[in-house]
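Note sheet for the following structure.
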Amino acid sequence: MIKPVFTFGTSQDARDIRTRVFVEEQGFEHEFDEYENSSWCLVLYLDNIPIATGRVRPLDPEHFQIERVAVERPYRGKSVGTYVVKFLCTKIKTLGGRVAKLNAQLDKMGFYERLGFKAIGDGEVFFEEGVAHIPMEKVLIPPSRKGRGRF
Numbered sequence: 001m002i003k004p005v006f007t008f009g010t011s012q013d014a015r016d017i018r019t020r021v022f023v024e025e026q027g028f029e030h031e032f033d034e035y036e037n038s039s040w041c042l043v044l045y046l047d048n049i050p051i052a053t054g055r056v057r058p059l060d061p062e063h064f065q066i067e068r069v070a071v072e073r074p075y076r077g078k079s080v081g082t083y084v085v086k087f088l089c090t091k092i093k094t095l096g097g098r099v100a101k102l103n104a105q106l107d108k109m110g111f112y113e114r115l116g117f118k119a120i121g122d123g124e125v126f127f128e129e130g131v132a133h134i135p136m137e138k139v140l141i142p143p144s145r146k147g148r149g150r151f
């Protein structure tokens with residue numbers, strides 16, 4: 001059974017997964033940052049084994065950034081990443097957020113598009129530690145239409 005566990009701040013299980021995926025597999029040198037203790041961190045457990053992680057942090061009261069989505073190698077291609085993103089989007093809504101933003105690795109763009117994210121701005125690619133990324137967002141809760149009642 002998959003069990004989602006949120007903590008405020010990065011748990012050791014999340015650090016371990018991110019180290020294996022981003023540092024050891026992908027070669028990132030600057031994986032951990034100043035947001036480790038001020039973000040909501042998710043770890044997915046399968047039968048008490050940590051298999052995936054991700055985090056969200058507020059940019060402002062309505063906009064939250066999804067970051068550090070990582071799935072352990074044996075669990076890739078099995079919809080685990082989809083669960084991570086959906087749980088993170090639900091967390092954003094419970095925190096009062098309306099829009100989820102993220103910077104997708106370019107080769108993961110299709111994955112995020114299938115989950116309803118769209119490239120934003122002019123769709124310009126930027127590089128982080130030599131890896132191409134593109135900014136994307138998804139509106140989770142449409143803006144209210146106050147004052148637009150029927151007459």
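Under my numbering, the first residue of the sequence shown carries the number 1, and numbering increases by one thereafter. Cβ coordinates follow ideal geometry from the N, Cα and C atoms, glycine included.
Simplified DSSP assignment, three categories, for Thr53: For this step, residue 53 is matched to residue 53 along the sequence shown. Here Thr53 sits in strand by DSSP.
Supposed contact pair Ile17 and Glu72 - C-beta distance, whole angstroms, cut 8 Å: Position 72 of the sequence shown, counted from the first residue, corresponds to residue 72. Position 17 of the sequence shown, counted from the first residue, corresponds to residue 17. Yes, Glu72 and Ile17 are in contact; Cβ-Cβ is about 6 Å, under 8 Å.
Selected residue, minimal CA-CA separation from Glu67, among Val85, Asp60 and Thr90: Along the sequence shown, read from residue 1 onward, the residue named residue 67 stands at position 67. Ranking the options by Cα distance to Glu67, first place goes to Val85.
Length at least 4, wholly inside the region 74–117: the alpha helix (DSSP H) runs in chain order: 80–94 and 109–114
Spatial distance of Trp40 from Gly121 (CA atoms): The residue given as residue 40 occupies position 40 in the sequence shown. The residue given as residue 121 occupies position 121 in the sequence shown. Near 26 Å, if we compare the C-alpha coordinates of Gly121 and Trp40.
Gln12 - containing alpha helix (DSSP H), residue span: To locate residue 12, count along the sequence shown from 1; it is residue 12. Per DSSP, Gln12 belongs to the alpha helix (DSSP H) from Gln12 to Arg18.
Which of helix, strand or coil DSSP assigns to Phe8: The residue labelled residue 8 in the question sits at position 8 within the sequence shown. Residue state, collapsed to three classes: strand.
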